[in-house]
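In full-length UniProt numbering, the protein residues as written are 1 to 305.
Right under this line is the structure:
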């Protein structure tokens, strides 16, 4: 082999080594990005080669060049920035609030929280921000409905309907004048889809005419004594009242407070007085003796000594 041939072979080998040294390996991108599909299968890239990155699904380019270049075996800096896609706020929900787990960006979730007296209906209980936007339609809030409340004996309620909205009120009444309601006259449709409190009852109320020994009627109602009838009594002369003079007929057909008593007034014990009397007597021998008498005197009694 001639000198020229050896020189040519050496030059070719040197060029191959130099060219190989100037190649770049497969580059790595920044967060949330990958090489575009055009370059994904390549493992090495020649000096001067340019490749491009794209943001991953759910992310969007937020500035910086998407390309880098291989120069003397080194890639230029990756300037592309990828940030999470923002799906934007969901439409407002009437009678409810949209609750977001973190926000409105890719991967975040949201749900509806209905106000008291409203229930979530339709749509999805939870929606997620995905590549193409929110995953589905969110629920709406529908007013709570109550079935009619229970009926009562000898009574009715109004208005009568097939269903009632939250906080709607029904009013009870007794069908006969001499009956009265025991319990709440008004019931309200609550958020648990039932009326509250419990329905009232229609009761017969009549208190017996008071019998109070040694007392006299002063004022108030006459029999029959219905609910809230009031009577007032006073004691006869020589008697003193123990308890209230005025009582009221209650729902239990009882006088409230309890009926009073008239107690006989005790006569006072007359006072007594004590006096001392001294008497002088003489003995047969002529000697005088003093006698002391202790007398307990009662009123209107005269003593003679």
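Ideal placement from N, C-alpha and C gives every residue a C-beta, glycine not left out. Just so you know, these numbers come straight off a predicted model, no measurement behind them.
Please classify residue i: is it buried, with 16 or more other beta-carbons within 10 angstroms of its beta-carbon, or exposed?
{"i": "residue 25", "result": "exposed"}
{"i": "residue 152", "result": "buried"}
{"i": "residue 139", "result": "buried"}
{"i": "residue 137", "result": "exposed"}
{"i": "residue 53", "result": "buried"}
{"i": "residue 85", "result": "buried"}
{"i": "residue 260", "result": "buried"}
{"i": "residue 282", "result": "In this prediction, residue 282 has a pLDDT of 46, which is less than 50 and means its spatial position is unreliable; what the coordinates show is noted afterwards. Exposed."}
{"i": "residue 79", "result": "exposed"}
{"i": "residue 68", "result": "buried"}
{"i": "residue 266", "result": "exposed"}
{"i": "residue 160", "result": "exposed"}
{"i": "residue 243", "result": "exposed"}
{"i": "residue 205", "result": "buried"}
{"i": "residue 63", "result": "exposed"}
{"i": "residue 29", "result": "buried"}
{"i": "residue 31", "result": "exposed"}
{"i": "residue 169", "result": "exposed"}
{"i": "residue 91", "result": "exposed"}
{"i": "residue 200", "result": "buried"}
{"i": "residue 178", "result": "exposed"}
Between which two residues does the beta strand (DSSP E) holding residue i run?
{"i": "residue 211", "result": "Run containing residue 211: none; DSSP gives neither H nor E here."}
{"i": "residue 120", "result": "118-121"}
{"i": "residue 39", "result": "That residue, residue 39, is in no beta strand (DSSP E); it is neither H nor E in DSSP."}
{"i": "residue 238", "result": "Unbroken run through residue 238: none, as it is neither H nor E."}
{"i": "residue 141", "result": "140-143"}
{"i": "residue 172", "result": "169-174"}
{"i": "residue 261", "result": "261-264"}
{"i": "residue 269", "result": "Neither: residue 269 is in no beta strand (DSSP E) and is coded neither H nor E."}
{"i": "residue 113", "result": "109-114"}
{"i": "residue 51", "result": "50-55"}
{"i": "residue 97", "result": "96-100"}
{"i": "residue 70", "result": "67-71"}
Among the residues of its own chain, which have a CB less than 6 Å from the CB of residue i, if the five just before and after it don't count?
{"i": "residue 109", "result": "101, 126 and 128"}
{"i": "residue 123", "result": "137, 138 and 139"}
{"i": "residue 36", "result": "52 and 54"}
{"i": "residue 209", "result": "223"}
{"i": "residue 256", "result": "248 and 250"}
{"i": "residue 193", "result": "144 and 146"}
{"i": "residue 106", "result": "58, 84, 85 and 129"}
{"i": "residue 66", "result": "52, 53 and 80"}
{"i": "residue 135", "result": "127 and 128"}
{"i": "residue 165", "result": "143"}
{"i": "residue 310", "result": "Outside the displayed span of the chain (1 to 305) sits residue 310, for which this structure offers no information."}
{"i": "residue 240", "result": "263 and 265"}
Going by beta carbon distance, what residues of the same chain come within less than 7 Å of residue i, once the five residues before and after it are set aside?
{"i": "residue 167", "result": "117, 188 and 189"}
{"i": "residue 221", "result": "229, 230 and 231"}
{"i": "residue 176", "result": "154"}
{"i": "residue 174", "result": "154, 155, 180, 181 and 202"}
{"i": "residue 104", "result": "86, 87, 88, 89 and 129"}
Counting only the same chain and skipping the five closest in sequence on each side, list residues whose C-beta sits under 8 Å from that of residue i.
{"i": "residue 141", "result": "93, 94, 95, 96, 112, 114, 115, 118, 119, 120 and 121"}
{"i": "residue 14", "result": "With a pLDDT of only 42 at residue 14, under 50, the local geometry of the prediction cannot be trusted, and the value read off the model is given with reservation. There are no such residues."}
{"i": "residue 216", "result": "233, 234, 235 and 236"}
{"i": "residue 44", "result": "23, 24, 25 and 26"}
{"i": "residue 8", "result": "Low per-residue confidence applies at residue 8: pLDDT is 49, beneath 50, and the placement is therefore not dependable, though the value from the model is reported in the following sentence. Taken in chain order, the list of residues that qualify is empty."}
{"i": "residue 56", "result": "32, 33, 34 and 82"}
{"i": "residue 73", "result": "21, 22, 23, 24 and 47"}
Just grab the DSSP bridge partners of residue i for me.
{"i": "residue 83", "result": "60"}
{"i": "residue 258", "result": "Looking at the DSSP assignment, residue 258 forms no beta bridge with any residue, so it has no partner."}
{"i": "residue 128", "result": "109"}
{"i": "residue 248", "result": "230 and 256"}
{"i": "residue 43", "result": "In DSSP, residue 43 forms no bridge with anything."}
{"i": "residue 28", "result": "For residue 28, which the question treats as bridged, DSSP gives no partner whatsoever."}
{"i": "residue 23", "result": "Paired residue(s): none; residue 23 is not in a bridge."}
{"i": "residue 220", "result": "231"}
Quick check: is any heavy atom of the ligand MN less than 7 Å from the C-beta of residue i?
{"i": "residue 92", "result": "Summarising the ligand content, the structure contains no ligands, and the ligand MN is consequently not present."}
Open item on the list: Going residue by residue through the UniProt domain "Sushi" (144-204), where are the continuous beta strand (DSSP E) segments of at least 3 residues, counting only ones entirely within it?
Closed with: 155-158, 169-174, 179-182, 186-189 and 201-204
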